[in-house]
Structures are given as C-alpha cells and as structure tokens.
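Protein chains in written order, with this note's numbering: chain A, 6 to 239; chain B, 113 to 832.
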C-alpha cells in the first residue's frame, strides 16, 4: 500500500510536468455554458478517459512483464521477496528507462526525448484538435482516451514501472495510482486555468524528474541488489 | 469538382462498398471505412460535427473496450479467484454492459457494409468480422445469463477495435500514395485568379476563356496556356515535358498550363479555353487510367470474392471439428480466429495501390499511362520494336551532301537558299539552315513561284533559278551532266531525298537530304539492351535509309520497306516468339500499329491525347525516358507480386494455424491488420524510385532543337 501511495505522490509531483502540455488541453476544454456542475462533469469525464488509457496500458504492460517473467502467472511482492533472474533483468531495464526519462526532465538526453515524443504524435494531435471544441457529452471522454496515448516521457516511465511489476493487477494498480496522482493538478488546471507562474512550473518539472529518478533508482536497485548480495555471499 | 469513381482520400477506385459522407459541405465518396475516418481526421474542420462525431465514437469505443480488456486481463491473471469468486458473475455482467454499446459503436460500420452487400447478394470481408464477432458476443451473453465460467466480450471488442485502428492506419498510408496523384487530378478543380479591369476574382479553370488575363503568384501552378504579359519568373514544366529544370519566362514568353511558377508573379493572357489545355487532357487521362482495372486486379478481386464463402465454411468446419473434443466455447474461439485471420483485405489492396503509385510517379515526369495493365505488360515484355521516322529520328530533314558538276558548294547553297527561303516546305528550311550555318550571303532572288509537288523557281541576276525534283528538271528540259544524273540516281536509291538545283538552263548540283538520328537514340537503345530487352527497328522506309538509322542507333535487327499492314503482321509473328511485344512510335503515322501491339508507346507527338491510340505516352522528346519507364514498370510489377505473395502466403499460413487452434483471435486480428499495413508500406517504397536521368544530356537535345543544321557541318559534304 505504501508503495502505491508513493506512486500516487510521484504522479502528483509529475503532474506539474503535465500542466505544461496536457494542462493546456484541460484549459481548452474550459467551462461548460450549462453551469458549474456541467463543467466539473466535463473535466471528470476527460480525466476518466485519460485514467482508463493509463490503466489499460498499465494492465497490458504488467501482463507483458508477467509473461516474460513467470510462466506460472504468480504475482510477487514488489519490495523484497524472492525474485527470479528474469524479473531482475526486467527491473534493471525498467529502472534504466526511468532514469533515462528522469534525466531529460533536467534537460539531459535530448535525443532520447525526440525519440520518445516524435512517434505518432502528429497524427494524434491533429485528431485531438477537432474534439476539443466538439459539442456533446462524450467528447471530453473521447478526448481523454486519445490524450492518454499522447507520447509523454512521464507515462512511459510509469509504464516501464508497471511492466517491472510483472502482473496484470499490480501493473494496473501502478498506473491507476499514478493516474489518480495527476488528477488534482489537472482538475485544478481545468478550474483555475494558467495560475502557476512559469518559474513554479519549472520547479514542478524538476520535482517530477527527481521523483522518477528516485523511483528508477529503487527499481534498478531491486534488480541489481540481489545479484550484488548474491555475489557478496558467494 | 468531385469524381464519384475515385476515393476522396486515397484516390483508389471505389468498389461497390462505397461510403458517402458530407465533409466540409461537400459530398465525398470513400472506398472504405478507414479512408472515411482518415479523411475526416485530416481535413474535417473542427466545427464539422460529423468528423468530431466519428472521433468521439472511436474514443468512447476505445474507452469501453479498454475497460473490458482491463477487467478481462485481471480475470485471466486470476484476480477474482478464491474469496472474490462470488464477484465473478457481477464482473461478467459489468463486461456485458460495457460490451453492448462498444459493439454497437465499433461494429456499426462493419454491420452496415455487410447489410448493404447482403442486399446486393454479395459476401465480403466485413461479413467475416460480423459473423465472428457476433457469435462471440451472443455466446458470451448466454454465458452471463447462465452464469457460465467464461465470457469473450474482450475478444469481440478487441477484434473490432484492432480492425478499426488497422483500417485507419492503412488509409493514412494510402493518403501518402495519393499525395503524388492529387496535383495531377486537380486541373479541372483548380481555380484561376482572373484579372478584369483592376478587379481580381477566383474562378474555376473551366470558366476561363481565350484572351482573359490570369495572375499567377510564385509557387502556384499555372492554370492555363498563354503568353506572359507582365512580370518575370522561372517555371518548372516537368509535368508536361518530363524534364525538371527551370525555364526563364519574361514578357512575351509562352507558358504551359500545369507548369509551376517558381519565383515571380506573372500576368498571363490565356490563349485558349481552360479545359482544352494539354494539362487538362493529362488529368482526364490519369483519372481514366486510375478507374480502370488491370488484369491482375481483376483476378485478385475474383479471388477475394470467392474466398469469403470458403473462409466462412472453413470457420464453421473448424468449430464443428474442435467441438467434438473441446468445450463449445473453445471451439467457437478457434472458429472465430479462422474468420478473423482470413480476411482478404490485403489481397484486394495489393495491385491497385502499387499501380496507382506507378501511374502517379510516371505522370509527374510527363509520362502518361492510359491503361493500368500496360505497366505489368511492359515489365514482362522482352521485345521493343521501334518505328524509325519521328521516333528514333527527329523527323526533320537536313542537308547531308552536295553533288555538283563544277559549281562551288558555297555558290550552290547560296543560290538554293536564296530561292528556298520563300518555301514553307521542310526541305526548304533544311537548305536555308545549311546556308546559314556556313555563314553565306544569299543570292537575292525575285519573281519566286512555288510549283506544288515539284519544286520552286525564281529569277536571280536576270537568270532563271530552279530547285526541285528530277521530274521538274526533265519537264523543263534542262541539260544534266551524265555524272551528276548518275550520282543523283544512286543517292535516291540509297534512300536520300534529292533536290536538283539549276540556273542558266542547266542543272548544276544535287543536294542530298536525310532525316537526322536523335542524339539520345544510341544511349537509349544501349540502356534498353542492358535491361535484357531485344530491340528491333521496323520501318516503312527504304532498306539503305533504315540501315543507316539502325547503325547510328546501334540496333542490329532492322526490317525495312514495311507497310503498316506488314508491320502489324511482323508484330503478330514476333508475338509468337516473345509473347508480349511493345511497339514504340511517334503516334501520328503508326497509330494502328501502336494500337495493335500489346503495349503501344508513343513518343514525341501526342498533340491531341484524346486521339492517341497508344497505351503509354511519353512527352515530346522523351525517348531518353524509356529505360526509366521500363524500370518503373518493373518495380511496379515486382511490388504487386511481392504484395500478392505476402497477402496470399500470409493468409494460407495464418488460416492453417488458426484451424489448428494455435492462434488467439485477438492476436489474429492484430496480425491481420498488420498484414494490410505491410502491403501499404511495401507499395510506398515505389515513392522512393529515382527520377529519370537523361542518358543524353537534355541540353544537348535542346541545342539540337534550335539549330538542327549544326549536325550537317559535322557530316562529310560530298563536293563534286
């Protein structure tokens, strides 16, 4: 549980990064002429769509991790416990990916960034444009679903984390915690608009980077430490 | 102007499963559901409700199916076992509630297609999806009611989702293919900025008439033929002439519709109706070619049509077979996998996409394909027969030799040219140019009279001067030196055109004229031979003349003295040996022969495309492009073959795997969608074909154009 709380916190910190891109979308969704209740519903639908995509990606990544690691399909506790070598390798790969993603939050590894955000973004962005202003209750939901697929290093980092969880349920929970963590900031963006000064946003991005870096190091540690311990004992 | 025969998005032919939508206030027809989505996503304005509605449906469908998939993943992972087992029926019910709207939203277009086909008594690939998904859904619904252990809502919705996304991606790829063709189909829908006394109005090209003033900004395509009346610029005329180079234009220069104005604004006075330009003819011709189906395509369509019932039967048999050993639900799943994986979309796409890419690639360089089948035929042919005059030669005479009985060459030419400059005949032009090249002062000649069919006569220095054929000289009764007369006869026997010049009641000289071989003929023939083609010359001319051209062009095999009927007979005979024969001609004199060959290729004339009989038309002076055209045709055929091999091979293997029960339906749908995308990507490789490289430099041929007599000075002048 503590682990998921930590992910929630990381998502919350990371959402200051979201404010930069997805926050703009949330602002554009704007106010509903039918009153405050309708506006809240609009933003809840949008965020529900986003969360669904995240959870789906998390579940899928978790299942993939499970297929790679444990053919028997058993789920393992995440911190400590006995890990087989495949899962350790997965943890190392996921940890490295997360560290890589974190570094670009600090302005490093720009090539990596282009690789991460270049793929397929143009098509998606074009399709999103017409949804923002569309009438209809379902439009924000659909918009949220597509928004979830927009290339974002933050999401990639957590999907990598979900994959290393090696199970559909923990993967789903990982992404759900992260997604819920981004809720407050995104809902706030919808309500209050561009309230954060750029300097604060920059600090938020560094905070997000630090969180992911920390998570990445922990994940990497989960992969490496047992090997190191094994070697030390051997 | 929209054409209902071509898909608005990918410009492929619309089959019977057309979809019609109103986008941005226009009626659009699409060949498939994927194109319909992709076009609206790309060009639908945000205020257009329908484009947004489509995306909303996709988004909501995605939302529902992702939720279903998520819960199903958790089910498979065993999250609801043990204590939570009593939750299971409720989870199933939840899945059902999610799946029903998802099925309606995502499956609607497929169901509609199947229904429309069914009304017309046809079965198409969408029927496979509808049957398979419908069966999975109905079975699962019963399982929920009867509290069964397994439901397959996830399979049903994911199959639909994957097919929808797959079709979208495929259509997005096809749009890239259409990008090449779009400017070629734009001539009729293009607008021109008409200037009328200071006011500028945008009008469709078809409303532009002769003598109207049209303004063309830099970067725009020139919409009409005409003459520049204001401004200076460069234009690129590649679409018409085949050569991509900048041509300088200033006041008074003629411009061609379809060329691109590169750097300066131009004001153009139209010289004819906007729809009568060669550019408009090209567009109509390309459109017609795209609508027609090649033989390979007809075969593929027939296979696709026949395969759907077969696949349905196979799916049913698979299910029945496995139901004997396994629970019904597993057997049903195997049957569903067969239906999904055997969807023959890729087979139907294999030929038309590659062909239309090839047609577009050629048309951008000015080569027109009038029948899509010709590309495949040209790729298979081993024999190219050439006509001589106007094809391998320029079709314009020039002086190659002068025989005289004592008079100086310069004097003969000066007198002849002084007379012939009043003549409109091609020979007259050849003689004056020969004199001009030698820098001669022409003898002033007056009282000139043209004697039709025989020659020309006049007076110089008080003496009669005559130029004409032998018949004219004997008619006049002027004396001819026996040696000169003998030389003249032997030149005529060798296939030269001979003109006698005389003054003072005596024939003084004989001029030999010949058609000149195009400078690029030899390199073109060599390039064709290096591609494994047998090159042959079929000429109606005399043996000697034919042989001279054959030698100059490097052709070993030449037949001369053939009437048009004899040429056709020769082609028929060659067809027995080479199977497919191609004939290259100028399209004017040999129209029937070109029409009779398997592949008729016209070079050089083609003033009126509507009357053209050849299936492939190269631009004027486009002989040098022929090897490149053969390359493109071969690349197109290769692409079609690899596409078909991939599509058929894939289907056979995948169906076998599915029948053995080794393929999950969701995986099958993913791989199926991938197979169409691979066909699209493979075809798009045609875009990367290199541009034609002139084997003889185009500048050389241009210089030859302006001064054909340059070549005469390099030829030996036989002075008596």
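Even for Gly, the Cβ is constructed at its ideal location relative to N, Cα and C. These figures come from a predicted structure and were not determined experimentally.
If distances are taken between C-alpha atoms only, which option among 408/B, 484/B, 442/B comes closest to residue 397/B? 484/B
If distances are taken between C-alpha atoms only, which option among 73/A, 57/A, 146/A comes closest to residue 168/B? 146/A
Interface flag, residue 71/A vs chain B, CB-CB below 8 Å: yes
Indicate the three-state DSSP secondary structure (helix, strand or coil) for residue 334/B in the structure shown. coil
Please report how far the alpha carbon of residue 179/B lies from the alpha carbon of residue 173/B, in whole angstroms. 10 Å
Environment of residue 191/A [buried if 16+ CB atoms lie within 10 Å]: buried
Neighbour flag for residue 771/B against chain A, beta carbons, 8 Å: no
I need the straight-line Cα distance from residue 238/B to residue 442/B, nearest angstrom please. 23 Å
Just the Cα atoms here: how many angstroms apart are residue 125/B and residue 665/B? 41 Å
Identify which residue in 242/B, 217/B, 372/B has its Cα closest to the Cα of residue 223/B. 242/B
Taking CB distances under 8 Å as the criterion, tell me whether residue 172/A reaches chain B. yes
Quick check: what's the CA-CA separation for residue 122/B versus residue 452/B? 25 Å
Interface residues of chain B facing residue 2/A [CB-CB closer than 7 Å]: Residue 2/A cannot be examined here, being either before or after the span of chain A that is shown, 6 to 239.
Within-8 Å CB hit, residue 189/B to chain A: yes
Please report the Cβ distance between residue 649/B and residue 663/B, rounded to the nearest whole angstrom; I am assuming they are in contact, meaning their Cβ atoms lie under 8 Å. Going by Cβ atoms, the distance from residue 649/B to residue 663/B rounds to 10 Å, so no, they are not a contact pair.
CB contact check: residue 270/B to chain A, cutoff 8 Å: no
Given a threshold of 16 other Cβ atoms within 10 Å of its Cβ, counted over all protein chains shown, does residue 804/B qualify as buried or as exposed? buried
Going by alpha carbons, who is nearest to residue 378/B out of 566/B, 386/B, 208/B, 361/B? 361/B
Which stretch, first to last residue, makes up the beta strand (DSSP E) that contains residue 776/B? Per DSSP, residue 776/B belongs to no beta strand (DSSP E) and is neither H nor E.
Using 8 Å as the Cβ pair cut-off and three pairs as the minimum, do the segment 504–513 of chain B and the segment 601–611 of chain B touch? yes
Going by Cα to Cα distance, which pick from 543/B, 551/B, 599/B, 552/B is closest to residue 567/B? 543/B
One question on the structure: do residue 731/B and residue 449/B come within less than 8 Å of each other, judged by their Cβ atoms? no
Contained alpha helix (DSSP H) runs [length at least 4] in the segment 152–202 of chain A, N- to C-terminal order: 158–170, 173–197
Taking contact to mean at least 3 C-beta pairs separated by less than 8 Å, is the segment 410–428 of chain B in contact with the segment 453–460 of chain B? yes
Going along chain A in order, which residues have a C-beta closer than 7 Å to the C-beta of residue 790/B? None at all; the shortest Cβ gap to chain A is about 17 Å.
Over what stretch of residues does the alpha helix (DSSP H) that includes residue 52/A continue unbroken? 41–74
Burial state of residue 139/B (16 or more Cβ within 10 Å): exposed
So is residue 7/A in contact with chain B if we call contact Cβ pairs under 8 Å? no
What's the C-alpha gap between residue 750/B and residue 710/B? 20 Å
Got a sec, what are the start and stop residues for the alpha helix (DSSP H) residue 213/B sits in? 200–231
Report the neighbours of residue 185/B on chain A: residues whose CB is nearer than 9 Å to its CB, in chain order. 61, 64, 65, 67, 68, 173, 174, 176, 177
Examine chain B for any beta-carbon lying closer than 8 Å to the beta-carbon of residue 184/A, and answer yes or no. no
Do three or more CB pairs link the segment 268–284 of chain B to the segment 217–234 of chain B at distances below 8 Å? yes
Along chain B, in chain order, which residues have C-beta atoms closer than 9 Å to that of residue 58/A? 174, 175, 178
DSSP on residue 69/B, reduced to helix/strand/coil? Residue numbering for chain B in the displayed model covers 113 to 832; residue 69/B lies beyond these limits and cannot be assessed.
With a threshold of 8 Å between beta-carbons, can residue 431/B be considered close to chain A, or not? no
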